[in-house]
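Each residue of the sequence shown is one higher than the one before, counting from 251 in this note's numbering.
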Amino acid sequence: MKKVLTYGTFDLLHHGHINILRRAKELGDHLTVAISSDEFNAIKGKKAYYPYETRKMILEAIRYVDKVIPEHEWDQKIRDVQEHNIDVFVMGDDWEGKFDFLKDYCEVVYLPRTEGISTTQIKKDMQAIKNG
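Quick look at the structure:
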């Protein structure tokens, strides 16, 4: 069985998220998604709209996702790859080159982002609507 791993916050789920999850799953038989815990988001200076448990529940309902694990720190990626027997690590191409250190442990693939959509943009648009 070929196992794939990707990471993200996956807040305010949108079609760009679904696209990367679908394309990641197409690279193997089993997709594990590591999502940033609320505590890790705080360290990164981010605040998700939905708490970790809600984001986890939403991801677990998506047919492409086989397993969801928490991301607690930047340095856990090698450990996650080893502990979960990962064959392919996937991230959006906006992270191109940033995870090449994992090539000693598994294949690393950077997938093109879906154009015209991002959680950051959704938050900006919602704020603009609110401010009318």
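In this text, a Cβ means the ideal position worked out from N, Cα and C, and glycines have one as well. From a predicted model like this one, the values you see are computed outputs, not experimental measurements.
Could you give the distance in angstroms between the alpha-carbon of residue i and the alpha-carbon of residue j?
| i | j | result |
| --- | --- | --- |
| H334 | Y355 | 12 angstroms |
| I336 | K253 | 5 angstroms |
| W324 | A378 | 32 angstroms |
| S286 | I372 | 19 angstroms |
Using the three-state DSSP reduction, which class does residue i fall into: helix, strand or coil?
| i | result |
| --- | --- |
| G342 | strand |
| G382 | coil |
| V384 | This structure gives no information on residue 384, because the portion of the chain shown stretches from 251 to 382. |
| I308 | helix |
| L277 | coil |
| V315 | coil |
| E289 | helix |
| E303 | helix |
Near residue i, which residues of its chain fall below 7 angstroms by C-beta distance, leaving aside the five closest residues on each side in sequence?
| i | result |
| --- | --- |
| Q332 | Y355 |
| K317 | T282 |
Residues in its own chain within less than 8 angstroms of residue i by CB, not counting five upstream and five downstream?
| i | result |
| --- | --- |
| L352 | K327, I328, V331, F339 and V358 |
| R272 | Y314 |
| R363 | G266, I270, G342, D343 and D344 |
| Y257 | V283, A284, I285, S286, E321, K327 and M341 |
So if DSSP puts residue i in a beta bridge, which residue, or which two residues, is it bridged to?
| i | result |
| --- | --- |
| T256 | V283 and V340 |
| Y360 | M341 |
| E333 | Paired residue(s): none; E333 is not in a bridge. |
* Asked: Are at least three pairs of beta-carbons, each pair with one atom in the stretch 300-312 and one in the stretch 362-372, less than 8 angstroms apart?
  -> Because the criterion of three Cβ pairs below 8 angstroms is not met, the stretch 300-312 and the stretch 362-372 do not touch.
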